[in-house]
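Only one structure is covered here, and it is reproduced in the block below.
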Ligand SMILES: NC(=O)c1ccc[n+]([C@@H]2O[C@H](COP(=O)([O-])OP(=O)(O)OC[C@H]3O[C@@H](n4cnc5c(N)ncnc54)[C@H](OP(=O)(O)O)[C@@H]3O)[C@@H](O)[C@H]2O)c1
């Protein structure tokens, strides 16, 4: 099958990484469907589908609509997500549930909707947009990191399970990317954490602004979609170096390095 014939479904294509990926893949000849919870307002070079990853019905309707138009689905890209910000103690259970509902359960809903199609085809490639924080957890990003750590584990298991059906799974793991990503504030903020949270938030905003262009992540997703798929694709030099150090340094040394990295505000998102 040529790239021109492949059908791609990208969740969260209204901005940032999803939008850049949808536009790049459409320009490269893929048949691209991009999703948003409010797609009417957006005009781009790909087909829009309304989709809220927090709703089983919405996910099923979007996938069935795509299937009705194409009869096939080759590459679902699970990209929709946001950052729940704040110390673990000051995050409510509702904050945690909402974070997982989008960043992890949303991906599971998508997998359950697309796998029957890909099992029947005997082919497909699931691309999950994770993060460097799926390996290295920053302070005040515990819920977000937990959702990405979980996505990493889920994807590893899934990869081993669906290989027998000719389906591959890839994780794309960017460090800071300059996007208008949403960072939700904790609903039960505790004053004792305010200085640390504010400094971490400032660091997040500053580093994201200095981060890579979303097109850089889109190009890695294009590479994953056009070459023999690997399980993991770290994106960004700083994150890749941090990952390497995590593997080679003793834990206490790495944790000290990490504290320094985060407090001096130069690290991965
Ligand atoms: N920016 C970074 O530094 C960075 C680094 C590593 C990983 N990432 C990951 O990259 C992915 C994209 O983030 P981004 O930075 O490009 O953020 P973004 O610009 O805010 O884009 C997020 C997208 O997710 C969609 N979305 C959010 N909630 C949704 C829901 N419930 N159902 C369907 N779509 C939903 C939004 O679409 P609508 O609002 O239109 O529905 C939007 O298109 C996320 O998974 C994020 O964790 C980002």
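In this note's numbering, the protein residues as written are 305 to 573.
C-beta: ideal position from N, C-alpha, C; glycine also.
Exercise. State the DSSP-derived secondary structure class of residue 306, mapped to helix, strand or coil.
Key: On the chain shown, residue 306 is found 2 positions in, with the first residue counted as 1. The predicted model places residue 306 with a pLDDT of 48, which falls under 50 and marks its position as unreliable, so this point remains unresolved.
Self-check item: DSSP state of residue 538 mapped onto helix, strand, coil
Solution: Residue mapping note: residue 538 aligns to position 234 of the chain shown, counting from 1. Residue state, collapsed to three classes: strand.
Practice problem: Return yes when the C-beta of residue 499 is under 7 Å from any heavy atom of ligand 1, and no when it is not. | Solution: For this step, residue 499 is matched to residue 195 along the chain shown. No - ligand 1 has no heavy atom lying nearer than 7 Å to the Cβ of residue 499.
Quiz item: Thinking C-alpha only, which one of 359, 355, 372 is nearest residue 314?
Solution: On the chain shown, residue 314 is found 10 positions in, with the first residue counted as 1. Of the listed residues, the one whose Cα sits closest to residue 314 is 355.
Quiz item: What are the boundary residues of the beta strand (DSSP E) that residue 476 is part of?
Solution: Position 172 of the chain shown holds residue 476. First-last of the beta strand (DSSP E) with residue 476: 471 to 478.
Practice problem: Throw me the rounded Cβ distance for the residue 408 and residue 451 pair, which I believe falls under 8 Å. | Solution: Sequence index remark: in the chain shown, residue 408 carries index 104 (1-based). Sequence index remark: in the chain shown, residue 451 carries index 147 (1-based). That belief holds up - the Cβ atoms of residue 408 and residue 451 are roughly 5 Å apart, short of 8 Å.
Quiz item: Which residue or residues does DSSP assign as beta-bridge partners of residue 339?
Solution: For the purposes of this step, residue 339 is taken as residue 35 along the chain shown, with counting starting at 1. Beta-bridge pairing links residue 339 to 353.
Quiz item: My guess is that residue 364 and residue 398 are in contact by the Cβ rule of under 8 Å, so how many angstroms apart are they, rounded?
Solution: Taking the chain shown and counting its residues from 1, the one referred to as residue 364 is at position 60. Taking the chain shown and counting its residues from 1, the one referred to as residue 398 is at position 94. No, residue 364 and residue 398 are not in contact; Cβ-Cβ is about 25 Å, not under 8 Å.
Quiz item: Which term fits residue 535, buried or exposed, when burial requires 16 or more other beta carbons within 10 angstroms of its beta carbon?
Solution: Within the chain shown, the letter at position 231 stands for residue 535. By the 10 Å Cβ count, residue 535 comes out exposed.
Exercise. Give the DSSP bridge partners of residue 388, in chain order.
Key: Along the chain shown, read from residue 1 onward, the residue named residue 388 stands at position 84. According to DSSP, residue 388 bridges with 488.
Exercise. Check residue 440 in the structure and name its three-state DSSP category.
Key: Indexing the chain shown from 1 puts residue 440 at position 136. Looking at residue 440 - three-state DSSP - the assignment turns out to be coil, as it is neither helix nor strand.
Quiz prompt | Limits of the alpha helix (DSSP H) - the one that residue 418 falls within | solution = For the purposes of this step, residue 418 is taken as the residue at position 114 of the chain shown. Note, residue 418: alpha helix (DSSP H), 410 to 425.
Exercise. Would you grab the beta carbon distance between residue 320 and residue 484 for me? Rounded to a whole angstrom, and I think it's under 8 Å.
Key: Locating residue 320 in the chain shown gives position 16, where the first residue counts as 1. Locating residue 484 in the chain shown gives position 180, where the first residue counts as 1. That pair is a contact at about 7 Å.
Exercise. Would you kindly check if the distance between the Cβ of residue 411 and the Cβ of residue 479 is under 8 Å?
Key: Position 175 of the chain shown, counting from 1, holds the residue named residue 479. Position 107 of the chain shown, counting from 1, holds the residue named residue 411. It is not a contact, given that the beta carbons lie outside the stated cut-off.
Self-check item: Reduced DSSP category for residue 575 - H, G, I as helix; E, B as strand; rest coil
Solution: One cannot answer for residue 575 here, as it falls past the ends of the chain, which runs 305 to 573.
Quiz prompt | The alpha helix (DSSP H) enclosing residue 321, as first and last residue numbers | solution = Within the chain shown, the letter at position 17 stands for residue 321. Note, residue 321: alpha helix (DSSP H), 320 to 331.
Quiz item: Rounded C-beta distance between residue 466 and residue 528? I'm assuming under 8 Å.
Solution: The residue given as residue 466 occupies position 162 in the chain shown. The residue given as residue 528 occupies position 224 in the chain shown. 16 Å between Cβ atoms; not a contact.
Quiz prompt | Pair within 8 Å by beta-carbon distance, residue 428 and residue 495 | solution = As a first step, residue 428 must be located in the chain shown, where it is residue number 124. As a first step, residue 495 must be located in the chain shown, where it is residue number 191. Not closer than 8 Å, so no.
Quiz prompt | C-beta atoms of residue 601 and residue 352 nearer than 8 Å | solution = Residue 601 cannot be examined here, being either before or after the span of the chain that is shown, 305 to 573.
Quiz item: Going by the C-beta, is residue 384 closer than 7 Å to any heavy atom of ligand 1?
Solution: As a working mapping, residue 384 is identified with position 80 in the chain shown. Result yes, Cβ under 7 Å from ligand 1.
Practice problem: Indicate, with yes or no, if ligand 1 has a heavy atom lying under 7 Å from the CB of residue 433. | Solution: Taking the chain shown and counting its residues from 1, one reaches residue 433 at position 129. Under cutoff, so the answer is yes.
Self-check item: Collapsed DSSP secondary structure at residue 533 in the structure displayed
Solution: Against the chain shown, residue 533 aligns to sequence position 229. Note: residue 533 maps to coil in three-state DSSP.
Quiz item: Between which two residues does the beta strand (DSSP E) harbouring residue 381 extend?
Solution: Locating residue 381 in the chain shown gives position 77, where the first residue counts as 1. 379 to 382 is the span of the beta strand (DSSP E), which, as asked, contains residue 381.
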